[in-house]
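The block underneath contains the structure these notes are about, expressed in structure tokens.
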Amino acid sequence: MYKDGDMCPICGQATLERSVIDETFEYKGREITVSDYVIHTCPECGESVVDPESLRSSEKIIRDFQRRTDGLLTSDEIRRTRKASGFTQEAFGKILGGGVKGFARYENGQVTQSRAMDNLLRIIDRYPFALDVITKGPSAGEERARTFQYDKSITSGQKNIVYTFCASDRYYDYDVNAVGER
Numbered sequence: 054m055y056k057d058g059d060m061c062p063i064c065g066q067a068t069l070e071r072s073v074i075d076e077t078f079e080y081k082g083r084e085i086t087v088s089d090y091v092i093h094t095c096p097e098c099g100e101s102v103v104d105p106e107s108l109r110s111s112e113k114i115i116r117d118f119q120r121r122t123d124g125l126l127t128s129d130e131i132r133r134t135r136k137a138s139g140f141t142q143e144a145f146g147k148i149l150g151g152g153v154k155g156f157a158r159y160e161n162g163q164v165t166q167s168r169a170m171d172n173l174l175r176i177i178d179r180y181p182f183a184l185d186v187i188t189k190g191p192s193a194g195e196e197r198a199r200t201f202q203y204d205k206s207i208t209s210g211q212k213n214i215v216y217t218f219c220a221s222d223r224y225y226d227y228d229v230n231a232v233g234e235r
């Protein structure tokens, strides 16, 4: 951590001076500005070093900006999907892949999820019963049918949606029915 009075790590000729600025970052032709970004500048060589705390505090903001630009879910959207599914970060990471600590890193902005993981999360968000396919899978020769009640807003209004999922050792099938106005 740098502070006023520290010697410049670049030239070693002068002491650093702290500044609080608005820093603009560009990604794929789009820009985002982070306020209260702390830097330490050398008056001799003009080089600046970023305060480590500013890096930490802006990391999630910048990564979510990049995710939005790339059409991926943001860290808050990932967290909402996981919580709606009723799993801890560790359990979700084990079930979906991405590692035991993967979801903590997705949610705190340290790591950006792959397009494949993003697509999987979108499917689970829209069709929560899909988790049953992943967690249980078909057993040899066993026929299963489950009915899941899931409320979802539809453009024509609020309806009660019933998802029916059937699986065997060779196929998966599902049916979606609107059961009535709410």
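The number in the working numbering is simply the position in the sequence shown, starting from 1, with 53 added.
We put the beta carbon where it would ideally sit given N, CA and C, even for glycine.
Query: First and last residue of the uninterrupted beta strand (DSSP E) at Ser101; Result: 101 to 103
Query: Host alpha helix (DSSP H) of Val186 (start-end); Result: 183 to 188
Query: Bridge partners - Phe78, DSSP secondary structure assignment; Result: Ile85
Query: Close-in-space but distant-in-sequence residues of the same chain around Cys61 (CB under 8 Å, 5 per side omitted); Result: Ala67, Thr68, Leu69, Cys95, Glu97, Cys98, Glu100
Query: Simplified DSSP assignment, three categories, for Ser72; Result: strand
Query: Range of the contiguous alpha helix (DSSP H) that encloses Gln142; Result: 142 to 149
Query: Beta-carbon proximity of Gln142 to Arg133, cut-off 8 Å; Result: no
Query: beta-carbon Gly99 near the ligand SAM non-hydrogen atom, thresh 7 Å; Result: You won't find the ligand SAM in this model; it holds no ligand whatsoever.
Query: With 16 other Cβ atoms within 10 Å as the buried cut-off, status of Asp123; Result: exposed
Query: Chain-order list of residues whose beta-carbon lies under 8 Å from that of Ile114 (same chain, five-residue window excluded); Result: Ile85, Val87, Gly162
Query: First through last residue of the alpha helix (DSSP H) which encompasses Leu174; Result: 168 to 179
Query: Among Ala137, Gln119, Glu76, the one whose alpha carbon lies nearest that of Ile177; Result: Ala137
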